[in-house]
Amino acid sequence: MTDDEDEDESEGEGEALAAFERLGLTAYEAKVFIGLHRIGSGTARDVSQVVDVPRSQVYGVAERLEDRGLLEVQQSNPIRYRPVSTDEARELLRDRFEREQDRAFEYVETVKHESTGEETQEDIWTVRGRDQVDDRTVDILSQADERIVFGTRLPELVTDTIERTLTERAAAGVTVVVVSRTAAVRDRFAELDVVTVENLPTQRTDDQRSGRIVIADDDSILLSVIGDEGSETAIWSSGSLFASVLIQLLEASDELQVE
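In the UniProt record's numbering, the protein residues as written are 1 to 259.
Below you can see the structure in the form of structure tokens.
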């Protein structure tokens with residue numbers, strides 16, 4: 001075997017060991033399991049000669065692997081070990097992973113709606129980065145059932161996914177209003193009968209910081225600003241008193257603060 005082949009094999013084994021550890025095995029358990037598949041079956045001495053596990057440690061590791069159902073023990077002198085087939089081991093680990101996953105998330109489901117009896121805090125979240133704000137925008141738009149207001153002064157903030165989501169919600173019967181003082185933004189929706197496009201008047205001509213506004217169903221809102229270096233940061237809230245009050249304040253004013 002060449003040096004390159006040795007290096008490839010070592011790298012492959014390292015990746016396999018790491019994968020087994022992510023599946024819940026310890027490093028020694030993974031090494032012994034792989035070693036037994038390499039030799040077929042053997043004693044603790046045999047295993048320690050092919051893997052980096054002290055012979056004295058192989059016995060305890062083998063017991064744990066037996067408890068997991070991943071190897072069989074022959075009560076001979078000396079004791080010999082044989083691994084179960086890869087298909088059987090795969091099924092055992094898959095079942096164990098799914099059980100642990102179910103147990104973990106069942107608990108999360110039971111506690112996520114529990115009341116602590118303390119005063120609740122309104123959920124106001126911050127999200128940073130253009131892609132992350134895009135994702136949150138689409139999420140809020142997708143959950144709207146009755147009404148959407150979407151506004152921006154920047155054409156680049158109307159991504160294909162956002163445009164498609166607005167069109168789909170409008171086709172589903174949601175009232176969709178796009179507001180912008182930028183012709184390129186309005187033109188993008190001008191030919192869509194299901195979307196209302198508005199050009200809001202303004203007395204401000206120097207706004208270079210506003211990003212976008214998203215209002216959905218009178219209880220979800222997102223507002224973003226653009227930093228000096230072009231990055232976008234947004235605050236958003238959904239299903240909260242904060243969102244409802246802020247929406248009312250914006251819509252009661254002379255104009256929505258977007259261009």
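Glycine included, each C-beta is placed from N, C-alpha and C at the ideal position.
Computed from a prediction, not measured in an experiment: that's the story for all the values here.
Between which two residues does the alpha helix (DSSP H) carrying residue i extend?
i, result
"Val108", "86 to 111"
"Val185", "183 to 189"
"Ala44", "44 to 50"
Could you tell me whether the Cβ atoms of residue i and residue j are closer together than 8 Å?
i, j, result
"Ser210", "Ile221", "no"
"Asp145", "Asp217", "yes"
"Leu36", "Val47", "yes"
"Val133", "Glu232", "yes"
"Val224", "Ala234", "Looking at the sequence shown, residue 224 is not Val but Ser. Yes, these two residues count as a Cβ contact at 8 Å."
"Gly42", "Arg80", "yes"
Using the Cβ count rule (16 or more neighbours within 10 Å means buried), how would you classify residue i?
i, result
"Tyr28", "buried"
"Thr227", "Here the sequence assigns Gly to residue 227, which means Thr is not the residue at that position. So Gly227 counts as exposed."
"Arg94", "exposed"
"Leu249", "exposed"
"Pro54", "exposed"
"Thr116", "Annotation note: pLDDT 48 at Thr116 (below 50); position unreliable, coordinate value reported separately. By the 10 Å Cβ count, Thr116 comes out exposed."
"Thr161", "exposed"
"Arg212", "buried"
Which residue comes first and which comes last in the beta strand (DSSP E) that contains residue i?
i, result
"Gln74", "71 to 74"
"Leu222", "220 to 226"
"Thr233", "232 to 238"
"Thr26", "No beta strand (DSSP E) contains Thr26, which DSSP labels as neither H nor E."
"Val178", "175 to 179"
Taking just the CA atoms, how far does residue j sit from residue i?
i, j, result
"Arg38", "Thr86", "12 Å"
"Ser240", "Thr126", "15 Å"
"Leu71", "Glu13", "19 Å"
"Leu192", "Arg164", "11 Å"
"Ser82", "Asp102", "Going by the sequence as given, residue 82 is Arg instead of Ser. Near 31 Å, if we compare the C-alpha coordinates of Asp102 and Arg82."
"Met1", "Lys31", "Confidence at Met1 is low in this model, with a pLDDT of 49, below 50, so its placement is unreliable and no value can be given for it."
"Ser56", "Pro78", "13 Å"
"Leu25", "Gln49", "21 Å"
"Glu156", "Arg96", "47 Å"
Under 8 Å: do the stretch 146 to 158 and the stretch 172 to 185 share three or more Cβ pairs, one atom per stretch?
When Cβ pairs closer than 8 Å are counted between the two stretches, the stretch 146 to 158 is seen to touch the stretch 172 to 185, the count reaching three or more.
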